[in-house]
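*Asks:*
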Amino acid sequence: MYRFLLTPRWWGINVFVVLAIPFCVFMGSWQLGRFEDRVQSHNAAEKRPDPAGQKAAPLRELLPVDQKTSGRTANATGRYGEQFLVPDRRVDGRDGSYVLTLLRTDAGKALPVVRGWLPEGRPAPAPPTGQVTVTGALQASETPGTDGVNASGGLPRGQLGMISAASLVNLVPYEVYDAWVTLTTADSGMTAVPAVRPQNTGLDLKAFQNLGYTGEWFVFAGFVVFMWFRLLRREAEAAEDAELGLTPEPHGTA
Numbered sequence: 277m278y279r280f281l282l283t284p285r286w287w288g289i290n291v292f293v294v295l296a297i298p299f300c301v302f303m304g305s306w307q308l309g310r311f312e313d314r315v316q317s318h319n320a321a322e323k324r325p326d327p328a329g330q331k332a333a334p335l336r337e338l339l340p341v342d343q344k345t346s347g348r349t350a351n352a353t354g355r356y357g358e359q360f361l362v363p364d365r366r367v368d369g370r371d372g373s374y375v376l377t378l379l380r381t382d383a384g385k386a387l388p389v390v391r392g393w394l395p396e397g398r399p400a401p402a403p404p405t406g407q408v409t410v411t412g413a414l415q416a417s418e419t420p421g422t423d424g425v426n427a428s429g430g431l432p433r434g435q436l437g438m439i440s441a442a443s444l445v446n447l448v449p450y451e452v453y454d455a456w457v458t459l460t461t462a463d464s465g466m467t468a469v470p471a472v473r474p475q476n477t478g479l480d481l482k483a484f485q486n487l488g489y490t491g492e493w494f495v496f497a498g499f500v501v502f503m504w505f506r507l508l509r510r511e512a513e514a515a516e517d518a519e520l521g522l523t524p525e526p527h528g529t530a
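Using the working numbering, the first residue of the sequence shown is number 277, and each one after it goes up by one.
#1: Tell me the DSSP bridge mates of Gln415?
#2: Going straight from the alpha carbon of Gly429 to that of Gly437, what length do you get?
#3: Helix, strand or coil, according to DSSP, for Asn446 in the structure here?
#4: Can you tell me whether DSSP reads Asp313 as helix, strand or coil?
#5: Under the assumption that Val410 contacts Ala352 (Cβ atoms under 8 Å), give the Cβ distance between them as a whole number of angstroms.
#6: So which of Thr460, Arg366, Gln407 has the shortest CA-CA distance to Pro395?
#7: Which term fits Ala427, buried or exposed, when burial requires 16 or more other beta carbons within 10 angstroms of its beta carbon?
#8: As an exercise, report each continuous alpha helix (DSSP H) stretch of at least 4 residues that is fully enclosed by the region 357-401, in chain order.
#9: Taking the C-alpha atoms as reference points, what is the distance between Leu376 and Phe360?
#10: Rounded to whole angstroms, what's the CA-CA distance from Ala530 to Ala512? Just pull it up for me.
#11: Mind reading off the beta-carbon distance from Leu414 to Thr467? Whole number of angstroms is fine, and I expect it under 8 Å.
#12: Any idea what DSSP makes of Arg473, helix, strand or coil?
#13: Quick check: the region 451-468 against the region 389-405, are at least 3 beta-carbon pairs closer than 8 Å?
#14: Leaving out five residues before and five after Asp454 in sequence, what residues of the same chain have Cβ atoms less than 6 Å from its Cβ?
#15: Exposed or buried, which one is Val469 when buried takes at least 16 other CB atoms within 10 Å?
#16: Which word fits Pro403, buried or exposed, when buried means at least 16 other C-beta atoms lie within 10 angstroms of its C-beta?
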């Protein structure tokens, strides 16, 4: 009755099932691992001292930015240079722009400094002249997946969609730190931009998406098994009916 399992059609079905189930289980386990990593990083971040409450340190001591140094208060000295607006950024539920000015440090590299936030339509104030020392929360460079980033391009001259060394490399003739700071106290009456937590450290929507994907992959594995048994049962019943002569004759035969 089960001789049909040796047919080419069922060989193909069986190979698909044998490959699909481990793949689904692997992907589900991988997504579960991502969720567990986020839980662990979240717990570690909760136990770690508040970065903003730690003593300010020179910029060079906090680089490169990682989960431990992100949010730490950094000091840097230099002279302000080129200035850009970063549009479509929300602060306190209002739309506006970050005012980003490059600080030319004594090391020769420039540090992107978000001096504050302005509502739409307000002109950006000029940066202070002469040598200045800035104090602000250290942040990792943004990526296309960062909230608020405009990765589509096409912005007018003088505007940036993403705060990163990669987005500035073709706009200024000197090196830029792969990090930025947001001033603790905004310049010229602007609104201070709050620091954000480092990515992949909190139980945010993305973390629970990983948990949801875990369930989906295991459901897919169960669905493959269910469909295999359903096809097997239907084919076996059809074969049994054929052996008993219960298979209906085709229409139109005498």
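Note that CB positions come from ideal geometry on N, CA and C, so glycine has one too.
All figures in this text were calculated on a predicted structure; none of them were measured in a lab.
*Replies:* Let me lay it out:
#1: Taking the first residue of the sequence shown as position 1, residue 415 is located at position 139. Partner(s): Trp456.
#2: Translated into positions along the sequence shown, residue 429 becomes position 153. Translated into positions along the sequence shown, residue 437 becomes position 161. So the two alpha carbons sit approximately 7 Å from each other.
#3: Within the sequence shown, residue 446 is the residue found at index 170, counting from 1. Here Asn446 sits in coil by DSSP.
#4: Position 37 of the sequence shown, counted from the start, is the residue given in the question as residue 313. If DSSP states are grouped into helix, strand and coil, Asp313 belongs with the helices.
#5: Locating residue 410 in the sequence shown gives position 134, counting from the first residue. Locating residue 352 in the sequence shown gives position 76, counting from the first residue. Right, their Cβ atoms sit about 6 Å apart.
#6: Translated into the one-based positions of the sequence shown, residue 395 becomes position 119. Ranking Thr460, Arg366, Gln407 by Cα distance to Pro395 puts Arg366 first.
#7: In the sequence shown, counting from the first residue as 1, residue 427 sits at position 151. Ala427 comes out exposed.
#8: none
#9: Taking the first residue of the sequence shown as position 1, residue 376 is located at position 100. Taking the first residue of the sequence shown as position 1, residue 360 is located at position 84. Approximately 5 Å, taken between the alpha carbons.
#10: Position 254 of the sequence shown holds residue 530. Position 236 of the sequence shown holds residue 512. Because Ala530 carries a pLDDT of 41, less than 50, the predicted location of this residue cannot be relied on, and the following value inherits that uncertainty. Those two C-alpha atoms are separated by around 28 Å.
#11: The residue labelled residue 414 in the question sits at position 138 within the sequence shown. The residue labelled residue 467 in the question sits at position 191 within the sequence shown. Not confirmed; about 19 Å, so no contact.
#12: Indexing the sequence shown from 1 puts residue 473 at position 197. Three-state result, Arg473: coil.
#13: yes
#14: The residue labelled residue 454 in the question sits at position 178 within the sequence shown. Cβ neighbours of Asp454 beyond the five flanking positions: Ser417, Ala441.
#15: Start at 1 with the first residue of the sequence shown, and residue 469 comes out as number 193. Buried.
#16: Sequence index remark: in the sequence shown, residue 403 carries index 127 (1-based). By the 10 Å Cβ count, Pro403 comes out buried.
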